[in-house]
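K.L.:
There's a structure below that I have some questions on.
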Amino acid sequence: MTIIAVVLSCVSFTNPVVNADASDPTPSATLVGSKKVVAPGESFTVKYGITSVSSDVYAQDITFEFDPGVMEYLPGSIRSLQEGVIIINEPSTSTPGKLRVLLASLGSQYPITSDAEIVELGFKAADVIQDTEGVIRLTQAIISDSQGEESVLQPASLTIQITVNTGLPGDLNGDGKVSIGDLGIMAAHYGKDSSSPDWSKINHADLNKDGKIDITDLAALAKKIVE
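Each residue of the sequence shown is one higher than the one before, counting from 25 in this note's numbering.
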């Protein structure tokens with residue numbers, strides 16, 4: 025009788041390991057501010073967006089939270105940044121420091137399919153008397169595709185620094201007095217606003233904190249000079 029020996033060597037019967045695709049990141053929310061540093065009473069905007077979406081987005085339910093003692097939402101300031109995407113509700117301010125927003129696409133031709141900034145909201149810094157830091161947090165962001173499949177986005181936050189200028193109001197050149205030299209600085213920057221690239225350097229010339237340097241600021245400074 026012939027005996028045939030079968031030897032199994034270096035054979036594994038375990039299931040193969042499948043690694044997750046590192047190129048498929050988790051869908052996330054984004055918050056981007058128009059300014060990182062503002063003065064007390066100064067307005068600024070915040071843009072909400074999404075990144076790394078894996079399917080078309082047709083509806084969104086988002087909630088913002090912030091310290092109402094540090095900043096306030098400006099009612100009516102919210103606007104859509106995407107064609108065909110509308111804001112279903114004006115965010116209610118009945119709960120201080122909390123805003124809930126519902127968004128929807130107007131038909132199958134207007135899905136969000138890739139990274140995008142979707143809405144912009146306006147805020148105003150409180151009239152604090154010392155340097156203060158405020159945080160806007162996106163505490164909930166749920167998106168839905170055309171089949172009603174919901175996904176939760178990774179949260180996001182944005183820090184805003186409110187810096188108090190303890191110098192003499194109108195003393196733009198820092199010489200300890202308000203004079204024609206300060207008026208010259210303001211005149212050179214006349215017409216600039218919060219969208220100007222050097223705004224962070226010259227916004228102290230915006231005396232009434234309305235986001236622009238205009239005739240109102242010139243008149244206010246002239247009044248200080250002749251007082």
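Idealized CB from N, CA, C, for every residue including glycine.
The structure presented is a predicted model; accordingly, all values stated were derived computationally and were not measured.
My output table needs one value for residue 205: the three-state DSSP class, helix, strand or coil.
P.N.:
Against the sequence shown, residue 205 aligns to sequence position 181. Residue 205 falls in the helix class under three-state DSSP.
K.L.:
Going by DSSP, which residues form a beta bridge with residue 127?
P.N.:
Taking the first residue of the sequence shown as 1, we reach residue 127 at position 103. The partner list for residue 127 (beta bridge, DSSP) reads 84 and 111.
K.L.:
Would you please state the rounded distance, in angstroms, between the beta carbons of residue 152 and residue 110? I believe it to be under 8 Å.
P.N.:
Along the sequence shown, read from residue 1 onward, the residue named residue 152 stands at position 128. Along the sequence shown, read from residue 1 onward, the residue named residue 110 stands at position 86. With 8 Å as the limit, residue 152 and residue 110 do not qualify as a contact, their Cβ atoms being about 35 Å apart.
K.L.:
Can you check whether the CB of residue 203 is closer than 8 Å to the CB of residue 146?
P.N.:
Stepping through the sequence shown from its first residue, residue 146 is reached at position 122. Stepping through the sequence shown from its first residue, residue 203 is reached at position 179. Not a contact, by the Cβ cut-off of 8 Å.
K.L.:
DSSP three-state label for residue 159, please.
P.N.:
Position 135 of the sequence shown, counting from 1, holds the residue named residue 159. Here residue 159 sits in strand by DSSP.
K.L.:
Please state the DSSP three-state secondary structure of residue 217.
P.N.:
Within the sequence shown, residue 217 is the residue found at index 193, counting from 1. Residue 217 falls in the strand class under three-state DSSP.
K.L.:
Use the C-beta contact count for residue 54: other C-beta atoms within 10 angstroms, 16 or more gives buried, fewer gives exposed.
P.N.:
Here residue 54 corresponds to residue number 30 of the sequence shown, with the count starting at 1. Under this definition residue 54 is a buried residue.
K.L.:
Within 10 angstroms of its Cβ, does residue 84 collect 16 or more other Cβ (buried), or is it exposed?
P.N.:
Within the sequence shown, residue 84 is the residue found at index 60, counting from 1. Buried, because 16 or more other Cβ atoms sit within 10 Å of the Cβ of residue 84.
K.L.:
With a Cβ-Cβ cutoff of 8 Å, do residue 158 and residue 133 count as a contact?
P.N.:
To locate residue 158, count along the sequence shown from 1; it is residue 134. To locate residue 133, count along the sequence shown from 1; it is residue 109. Result no, Cβ atoms of residue 158 and residue 133 do not sit closer than 8 Å.
K.L.:
Can you list, in chain order, the residues of its chain with a C-beta nearer than 8 Å to that of residue 192? Leave out the 5 residues immediately preceding and following it.
P.N.:
In the sequence shown, the residue the question calls residue 192 occupies position 168. So the qualifying residues of the chain are 200, 201 and 202.
K.L.:
DSSP on residue 142, reduced to helix/strand/coil?
P.N.:
Here residue 142 is taken as the residue at index 118 of the sequence shown, counted from 1. Strand.
K.L.:
Run through DSSP, which three-state label would residue 231 get?
P.N.:
Taking the first residue of the sequence shown as position 1, residue 231 is located at position 207. In this structure, residue 231 counts as coil in the three-state DSSP scheme.
K.L.:
Looking at the structure shown, is residue 58 part of a helix, part of a strand, or coil, going by DSSP?
P.N.:
Position 34 of the sequence shown, counted from the start, is the residue given in the question as residue 58. Coil.
K.L.:
Under 8 Å by Cβ, that's how I've got residue 229 and residue 210 pegged, so tell me the actual separation to the nearest angstrom.
P.N.:
The count along the sequence shown starts at 1 and reaches residue 229 at position 205. The count along the sequence shown starts at 1 and reaches residue 210 at position 186. Contact flag correct, Cβ pair sits at about 5 Å.
K.L.:
Looking at the unbroken beta strand (DSSP E) that takes in residue 187, where does it start and where does it end?
P.N.:
Position 163 of the sequence shown, counted from the start, is the residue given in the question as residue 187. Element bounds for residue 187: n/a, residue is neither H nor E.
K.L.:
Using the DSSP secondary-structure output, state which residues sit across from residue 175 in a beta bridge.
P.N.:
The count along the sequence shown starts at 1 and reaches residue 175 at position 151. According to DSSP, which records beta bridges pairwise, residue 175 is partnered with 167.
K.L.:
Only counting the same chain, and skipping five residues up and downstream in sequence, which positions put a Cβ closer than 8 Å to that of residue 80?
P.N.:
Residue 80 sits at position 56 when you count from the first residue of the sequence shown. The answer, listed in chain order, is 135, 136, 137, 169 and 170.
K.L.:
Please work out which residues of its chain come closer than 6 Å, Cβ to Cβ, to residue 218, disregarding the five sequence neighbours upstream and downstream, and give them in chain order.
P.N.:
For the purposes of this step, residue 218 is identified with residue 194 of the sequence shown, where counting begins at 1. 235, listed in sequence order.
K.L.:
Who are the near neighbours of residue 155 in its chain, counting only those whose CB is closer than 8 Å to its CB and skipping five residues on each side?
P.N.:
The sequence position of residue 155 within the sequence shown is 131, counting from 1. Cβ within range, chain order: 185, 186, 187 and 188.
K.L.:
Excluding sequence positions up to five away, which residues of its chain have a Cβ less than 7 Å from the Cβ of residue 97?
P.N.:
The count along the sequence shown starts at 1 and reaches residue 97 at position 73. 115, 117, 123, 145 and 147, listed in sequence order.
K.L.:
Just confirm the distance between the C-beta atoms of residue 51 and residue 67, as a whole number of angstroms; I'd bet it's less than 8 Å.
P.N.:
Taking the first residue of the sequence shown as position 1, residue 51 is located at position 27. Taking the first residue of the sequence shown as position 1, residue 67 is located at position 43. Incorrect: roughly 30 Å between the Cβ atoms, too far for contact.
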